[in-house]
Amino acid sequence: MIKTKRLIALLFAAFAFSSAISIQAQTLDIDRQLKYCSTQVHRALDELRHKDGTYDYTMQPRNILNGDRQKGWNCRPAKAEEWCDGFWPGILWMTYQTTGDEAVRRAAEGYTESLRGIAYQPCYDHDIGFLMFCSYGKGYEVNHSREYKDVILASADSLATLFNPIVGTILSWPREVKPHNWPHNTIMDNMMNLDMMFWAAKNGGNPLLYDLAVTHAKTTMLNHFRPDGSCYHVAVYDTINGNLIKGVTHQGYADNSMWARGQSWAIYGYTMVYRYTHNKVFLDFAQKVTDVYLKRLKQTSDDLIPLWDMDDPRGTKAPKDASAACVVADALLELQEYVGDEKGAEYKAIALQTLAQLSTPKYQSGKRNVSFLMHSTGHHPAGSEIDASIIYADYYYLEALMRAKRLNVR
Ligand code: GLY
Numbered sequence: 000m001i002k003t004k005r006l007i008a009l010l011f012a013a014f015a016f017s018s019a020i021s022i023q024a025q026t027l028d029i030d031r032q033l034k035y036c037s038t039q040v041h042r043a044l045d046e047l048r049h050k051d052g053t054y055d056y057t058m059q060p061r062n063i064l065n066g067d068r069q070k071g072w073n074c075r076p077a078k079a080e081e082w083c084d085g086f087w088p089g090i091l092w093m094t095y096q097t098t099g100d101e102a103v104r105r106a107a108e109g110y111t112e113s114l115r116g117i118a119y120q121p122c123y124d125h126d127i128g129f130l131m132f133c134s135y136g137k138g139y140e141v142n143h144s145r146e147y148k149d150v151i152l153a154s155a156d157s158l159a160t161l162f163n164p165i166v167g168t169i170l171s172w173p174r175e176v177k178p179h180n181w182p183h184n185t186i187m188d189n190m191m192n193l194d195m196m197f198w199a200a201k202n203g204g205n206p207l208l209y210d211l212a213v214t215h216a217k218t219t220m221l222n223h224f225r226p227d228g229s230c231y232h233v234a235v236y237d238t239i240n241g242n243l244i245k246g247v248t249h250q251g252y253a254d255n256s257m258w259a260r261g262q263s264w265a266i267y268g269y270t271m272v273y274r275y276t277h278n279k280v281f282l283d284f285a286q287k288v289t290d291v292y293l294k295r296l297k298q299t300s301d302d303l304i305p306l307w308d309m310d311d312p313r314g315t316k317a318p319k320d321a322s323a324a325c326v327v328a329d330a331l332l333e334l335q336e337y338v339g340d341e342k343g344a345e346y347k348a349i350a351l352q353t354l355a356q357l358s359t360p361k362y363q364s365g366k367r368n369v370s371f372l373m374h375s376t377g378h379h380p381a382g383s384e385i386d387a388s389i390i391y392a393d394y395y396y397l398e399a400l401m402r403a404k405r406l407n408v409r
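The numbers in the sequence shown follow numbering that gives the first Met the number 0, run straight up by one, and end at 409.
Okay, here's the thing in structure tokens:
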């Protein structure tokens with residue numbers, strides 16, 4: 000154990016010193032941070048609970064915009080148009096897994112249940128994966144209920160209705176086809192939603208879902224990336240011949256910039272595709288998209304938390320995106336297992352060090368508000384959720400901590 004810790008410290012030091020910026024190594028106490036998350040969840044539940052002890056399960060926590068001036072979550076109605084609605088139920092299920100607290104479990108059930116109808120209506124967009132798998136999927140890990148499985152399988156079938164066989168990907172945003180003249184658009188974030196399709200195919204759903212997910216991942220790999228492995232946010236395709244028309248951005252700084260969260264979705268996405276397929280092409284690609292992210296991170300950030308977009312000309316004065324760091328740390332903890340050897344150990348060291356940095360007062364909300372983390376950026380070009388607490392940062396932070404804990408136990 001001590002040996003492993005020393006190796007990780009050495010590897011991290013190698014990473015830090017090869018950077019233009021020197022990064023102070025932090026230590027990570029996983030149990031302490033899991034306890035911190037549970038404390039914040041209880042504070043949030045206290046804040047959300049009505050005087051009569053009930054909750055409005057149809058309102059899901061989304062963001063806290065004013066750092067320490069606002070304590071509680073801004074909530075959004077439970078509906079398909081709100082892509083973040085599955086994260087809070089997922090956080091509650093994960094908290095139940097770490098604490099066994101029955102009150103948290105009851106809240107998890109209530110907030111999850113409010114999303115059920117989304118599985119049985121025409122698919123609004125690709126985010127049904129985030130919505131239903133981060134909620135019902137995490138719940139299923141706890142209760143193995145047939146009812147939950149049915150909701151997930153129906154959601155996966157619903158997502159499949161957006162698959163275009165001529166292009167070979169899912170249409171991410173049907174609503175953006177007309178306004179932007181993007182006949183078929185696929186966004187990098189969509190990679191995350193393949194998780195639900197793969198899972199469904201493996202767990203009693205239509206086996207074809209596996210083929211659709213693999214085709215989406217392969218088509219995306221061919222068209223959505225620049226030669227160095229950095230990704231566009233949006234790939235626009237021709238619906239007649241299936242060809243790529245262009246790569247553009249929607250939430251990034253520029254069409255050719257590295258929007259940190261977009262790249263983080265690619266890292267997590269291809270790692271997860273390898274989990275289900277065991278196809279080395281995807282493992283190699285997961286490393287390629289990771290390595291270009293880490294290279295740019297070292298060049299642009301003063302720590303392991305990226306700027307919201309690595310090409311923002313303000314440099315280190317630009318807002319950060321803690322959420323991207325959470326997604327990357329989480330993904331690296333999985334990827335390092337598949338990669339092994341020195342490279343895997345380096346990924347692990349970077350992941351743990353990222354979590355350690357996120358777990359300092361610089362990033363943790365602490366008593367300032369009820370979220371876990373501050374300093375995420377949602378949609379900078381729209382002026383929305385800049386340098387804020389955002390629910391998905393907390394979700395992936397907790398998922399990563401739980402993954403780190405499982406690794407340590409082994
Ligand atoms: N999926 C939207 C985002 O990452 O902001």
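Backbone N, C-alpha and C fix where the C-beta goes; we use that ideal spot for every residue, glycine too.
Computed from a predicted model, the values in this text were never measured in an experiment.
Within the chosen limit of 7 Å, the ligand GLY does not reach the beta carbon of R75 with any heavy atom. A residue is listed when its beta-carbon falls short of 5 Å from at least one non-hydrogen atom of the ligand GLY; in chain order these are D188 and R260.
Between the region 262-270 and the region 283-302, the count of C-beta pairs closer than 8 Å reaches three or more; the two stretches touch. Within its own chain, the residues whose Cβ lies closer than 6 Å to the Cβ of Y395, once the five positions on either side in sequence are excluded, are C325, V326 and D329, listed in chain order. Beta-carbon to beta-carbon, L158 and I165 are separated by about 18 Å, too far to satisfy the 8 Å threshold. Burial state of P206 is exposed, judged by a 10 Å Cβ sphere holding fewer than 16 other Cβ atoms.
Straight-line measurement puts the Cα of E345 at about 27 Å from the Cα of T97. Cβ contact annotation for L296 (same chain, cutoff 6 Å, sequence separation greater than five): P305, in chain order. Counted as a single uninterrupted DSSP element, the alpha helix (DSSP H) harbouring Y147 occupies residues R145 to A159. Per DSSP, reduced to three states, the secondary structure at M373 is coil, with no helix or strand assignment.
Approximately 7 Å separates the beta-carbon atoms of H223 and G246; this is inside 8 Å, confirming the contact.
An exposed status is given to K366, since fewer than 16 other beta-carbon atoms sit within 10 Å of its beta-carbon. Between the region 129-145 and the region 85-97 there are three or more C-beta pairs closer than 8 Å, enough to call the two in contact. When the five nearest sequence neighbours on each side are left out, the beta carbons in the same chain lying within less than 6 Å of the beta carbon of A79 are those of I117 and Y123, in order along the chain. In the assembly as shown, R75 is a buried residue. Its beta-carbon has 16 or more other beta-carbons within 10 Å. The alpha helix (DSSP H) runs lying completely inside the region 62-98 and spanning 4 residues or more are 86-98, given in chain order. Annotation for N142: the continuous alpha helix (DSSP H) segment containing it runs K137 to N142. For Y273, the enclosing alpha helix (DSSP H) begins and ends at A259 to T276.
Segment contact: the region 33-45 against the region 61-69, fewer than three CB-CB distances shorter than 8 Å; contact not assigned.
Rounded to whole angstroms, the gap between the alpha carbons of E336 and L33 is 22 Å. For G109, the uninterrupted alpha helix (DSSP H) run begins and ends at E101 to E112, by DSSP. Under a 10 Å Cβ-count criterion, N189 is classified as buried, with 16 or more other Cβ atoms of the shown protein chains found around its own Cβ. For V235, the pairing in a beta bridge is given by DSSP as N184 and K245. Of the residues assessed, N368 falls on the buried side of the cut-off, its CB having 16 or more other CB atoms within 10 angstroms.
Nearest in C-alpha terms to L114, of all of A153, E101, A102 and F281, is A153. As DSSP reads the structure, L306 sits in a beta bridge with K319.
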